[in-house]
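Chemist: To start, I am sharing the structure in question, which I have written as structure tokens.
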Amino acid sequence: MKNSLTRLTLGSALLPRFQRRGLSQPNGLTQIALTIILLLLFSYAFAQQEQGQSQDAKFYNDRGMAYRDKGRYDLAISDFNKAIEIDPEYAYAYVNRGMAYRDKGQYDLAISDYNTAIKIDPTYVFAYHNRGIVYKDKGQYDQAISDFNKALELNPRYAFAYNNRGIIYLEKGRYDRAIQDFSKAIEISPRFSYPYNNRGRAHLEKGLYDLAISDLNKALEINPRYFEAYHNRGMAYGRKGQYDQAISDFSKVLEMKPRFAEAYHNRGNAYLEKGQYDQAISDFNKALEINPKFAVAYYNRGIACLEKGEPDQAIFDFNKVMELNPRFAEAYNNRGMAYRRKGQPDQAISDYSKAIEISPGFAEAFNNRGNAYLEKGQYDQAISDYSKALEINPKYAEALGNRAKAYSLKREYDRAWQDIQKAQDLGYKIPSKFLDDLRKASGKPN
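Take 334 as the starting number for the sequence shown in our numbering and just add one per residue.
Next up, the structure:
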């Protein structure tokens with residue numbers, strides 16, 4: 334009987350994964366790029382504000398920006414307040430105060446300041462652009478796109494706006510549209526590393542790994558300290574099955590960012606794919622030390638323990654996953670496998686059933702529950718589950734092989750041979766001992 338230990342499939346966006354074991358993509362990746370772009374923009378915006386402003390207002394605005402650069406946001410806001418009190422029409426001070434509010438996570442106050450700046454100067458490109466970024470932070474993607482559109486209407490050569498609008502399309506799963514925007518940003522500013530990284534991300538999501546690696550190489554050529562690009566390139570190598578290169582890139586990330594939990598987790602996945610379970614567990618441990626609520630790290634550590642023959646530790650980890658996310662169907666499936674390895678088929682069936690309840694299209698859980706029923710001698714229930722798995726995925730060769738086993742035990746040899754033929758047509762290797770036993774039982778010649 335062939336069991337299916339499930340890994341996470343490619344899913345959450347920003348972020349992301351190896352096809353089978355759930356490589357995690359940090360949600361903050363593009364946000365980091367946006368923040369840096371914002372800082373660059375305001376260096377430029379400040380340079381434009383020299384004319385027509387009260388020197389006192391300019392002094393407070395200038396000092397407020399210095400405080401903000403040092404992360405002293407309350408002092409920065411206090412100075413921007415004074416600048417605005419002196420000159421209520423000082424649009425730059427509103428925008429800079431909006432930046433400080435965004436830094437503090439006070440998004441509505443930031444938007445209010447950007448609104449005021451736009452009211453004072455309806456052609457203020459940076460105000461539209463940066464309000465779009467705050468809308469992005471709030472998950473209000475349509476409003477963000479509208480603001481980036483307005484910024485580009487006012488300045489069609491604004492590479493930052495193309496890059497950041499592309500990020501929104503990337504997060505919405507509109508990869509081709511995102512690639513168009515990143516390409517436009519690169520056309521305008523060929524030494525701008527962020528759109529190369531982000532276009533690489535879009536290619537990664539489309540499964541175009543060589544194109545992704547090419548873009549990420551370019552990002553790193555421009556900025557050799559760009560740790561997000563190393564991380565994304567590691568993911569691309571991982572998805573290509575080039576685990577040593579992936580490990581090298583994740584290790585480079587950790588040299589630069591020793592507290593980057595996702596990089597430990599993803600390097601652990603690469604070790605897991607290589608069968609180096611102790612190294613994998615060590616990396617998952619480190620990821621969990623940094624982020625004790627990292628459910629996917631518990632999940633993958635559980636897989637490593639199961640592969641090592643430690644079902645009790647695996648069950649502990651899958652239990653932790655369920656505490657953090659009770660709707661994690663794959664964790665129930667894999668805990669069911671751990672129970673089966675402990676010789677507890679009833680507990681396994683209960684877990685497979687829970688996985689199916691959460692995810693009715695989960696073919697592997699039907700296959701695995703069928704195996705547990707088969708072990709208990711409940712052949713009809715086993716055949717029913719294998720058939721359901723094949724209804725979901727008609728090319729599920731393992732389920733065909735397992736159903737053939739169930740039919741043979743019921744002495745329905747013709748059906749067993751039919752399933753064997755279908756499985757072999759799909760390239761599935763049937764164990765030779767099973768074939769020999771079936772030939773003898775059915776009287777079929779060699």
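All residues carry an ideal CB built from backbone N, CA and C; glycine is no exception.
Could you give the distance in angstroms between the alpha-carbon of A552 and the alpha-carbon of L742?
Modeler: Approximately 59 Å between the Cα atoms of the pair.
Chemist: Are the beta-carbon atoms belonging to Y559 and N530 less than 8 Å from one another?
Modeler: Yes, they are a contact pair.
Chemist: Closest to M785 by CA distance: which of G465, T456, E422 and E418 is it?
Modeler: Outside the displayed span of the chain (334 to 779) sits residue 785, for which this structure offers no information.
Chemist: Please name the residue, chosen from P455, P764 and Y495, that lies closest to A737 on a Cα-to-Cα basis.
Modeler: Cα-wise, what sits closest to A737 is P764.
Chemist: If you scan the stretch 491 to 540 from start to end, which runs of the alpha helix (DSSP H) of 4 or more residues do you find wholly inside it?
Modeler: With a minimum length of 4 residues, the continuous alpha helix (DSSP H) runs that stay inside the stretch 491 to 540 are 492 to 504, 508 to 521 and 526 to 538.
Chemist: Taking the continuous alpha helix (DSSP H) assigned at I763, which residues delimit it?
Modeler: Neither: I763 is in no alpha helix (DSSP H) and is coded neither H nor E.
Chemist: Say whether chain C places a C-beta atom closer than 8 Å to the C-beta of D420.
Modeler: Among the chains in the structure shown there is no chain C, since it carries only a single protein chain.
Chemist: Within 10 angstroms of the Cβ of L443, are there 16 or more other Cβ atoms? Answer buried if so, exposed if not.
Modeler: The displayed chain sequence assigns Ala, not Leu, to residue 443. By the 10 Å Cβ count, A443 comes out buried.
Chemist: Restricting to runs no shorter than 4 residues, where is the alpha helix (DSSP H) found entirely within the stretch 681 to 742?
Modeler: 696 to 708, 712 to 725 and 730 to 742, all fully within the stretch 681 to 742.
Chemist: With respect to the alpha helix (DSSP H) encompassing N482, which residues constitute its N-terminal and C-terminal limits?
Modeler: Start and end: Y474 to L487.
Chemist: Give me the Cα-Cα distance between R592 and A613, rounded to the nearest whole angstrom.
Modeler: Spanning the two alpha carbons is a distance of roughly 17 Å.
Chemist: Inspect the CB distances between the stretch 638 to 648 and the stretch 656 to 664 and report whether three or more fall short of 8 Å.
Modeler: No: the two stretches stay apart, fewer than three of their Cβ pairs being nearer than 8 Å.
Chemist: Just mark P727 as buried or exposed, buried being the case when its beta carbon has 16 or more other beta carbons within 10 Å.
Modeler: Its Cβ having fewer than 16 others within 10 Å, P727 is exposed.
Chemist: Taking the alpha carbon of M589 as the point to measure from, which residue in F525, I478, P557 and E538 has its own alpha carbon closest?
Modeler: When only C-alpha atoms are compared, the closest one is P557.
Chemist: Taking C-alpha atoms, which residue in E724, Q609, A722 and A715 lies nearest to I682?
Modeler: Selected option, being the one with the closest Cα: A715.
Chemist: So what's Q578 in DSSP terms, helix, strand or just coil?
Modeler: Helix.
Chemist: Can you list, in chain order, the residues of its chain with a C-beta nearer than 6 Å to that of K755? Leave out the 5 residues immediately preceding and following it.
Modeler: Once the five neighbours on either side are set aside, the close Cβ partners of K755 are L733.
Chemist: Does the Cβ of R354 have 16 or more other Cβ atoms within 10 Å, making it buried, or fewer, making it exposed?
Modeler: The predicted position of R354 is uncertain, since its pLDDT is 36 and thus under 50; a value taken from the coordinates is nonetheless stated next. Buried is the call here.
Chemist: Please report the straight-line C-alpha distance between R401 and L723, rounded to a whole angstrom.
Modeler: About 59 Å.
Chemist: For Y393, name the three-state secondary structure that DSSP assigns.
Modeler: Y393 falls in the helix class under three-state DSSP.
Chemist: DSSP on S387, reduced to helix/strand/coil?
Modeler: The answer is coil: DSSP assigns S387 none of H, G, I, E or B.
Chemist: So, using beta-carbon positions, are N666 and Y685 closer together than 8 Å?
Modeler: Result yes, Cβ atoms of N666 and Y685 sit closer than 8 Å.
Chemist: What number of angstroms, rounded off, separates the C-alpha of F699 from the C-alpha of F459?
Modeler: When rounded, the distance between both Cα atoms is 54 Å.
Chemist: Can you tell me whether DSSP reads G431 as helix, strand or coil?
Modeler: It is helical.
Chemist: For Q609, report the span of its alpha helix (DSSP H) as first-last.
Modeler: First-last for Q609: undefined, no H or E at that position.
Chemist: Mind checking which residues open and close the alpha helix (DSSP H) that includes Q646?
Modeler: It spans P644 to L657 - the alpha helix (DSSP H) in which Q646 sits, taken as one unbroken run.
Chemist: Hey, out of Y434, N394, M398 and K403, whose CA is closest to E418's CA?
Modeler: Cα-wise, what sits closest to E418 is N394.
Chemist: Can you look up Y377 in the DSSP assignment and give me helix, strand or coil?
Modeler: Below a pLDDT of 50, predicted positions are generally treated as unreliable, and Y377, at 42, falls in that range; the measurement from the model is reported next regardless. Helix.
Chemist: Counting along the chain, where does the alpha helix (DSSP H) carrying N667 start and finish?
Modeler: Here the alpha helix (DSSP H) through N667 covers A662 to R674.
Chemist: Compute the distance between the beta-carbons of R674 and D650, then report whether it is under 8 Å.
Modeler: In this structure, D650 does not lie closer than 8 Å to R674 by Cβ.
Chemist: Would a C-beta distance cut-off of 8 Å place R524 and I555 closer than the cut-off?
Modeler: Taking 8 Å as the Cβ cut-off, R524 and I555 qualify as a contacting pair.
Chemist: Which of helix, strand or coil does DSSP assign to T368?
Modeler: Low per-residue confidence applies at T368: pLDDT is 36, beneath 50, and the placement is therefore not dependable, though the value from the model is reported in the following sentence. Three-state result, T368: helix.
Chemist: Please classify Q766 as buried or exposed, where buried requires at least 16 other C-beta atoms within 10 Å of its C-beta.
Modeler: Residue 766 is actually Lys in this sequence, not Gln. By the neighbour-count rule (16 or more Cβ atoms within 10 Å), K766 is not buried but exposed.
Chemist: Taking C-alpha atoms, which residue in A426, N550, A664 and R435 lies nearest to T449?
Modeler: Taking only the C-alpha atoms, the option nearest T449 is A426.
Chemist: Taking the CB atoms as reference points, tell me whether D480 and Y468 lie closer together than 8 Å.
Modeler: The answer is yes: Cβ separation under 8 Å.
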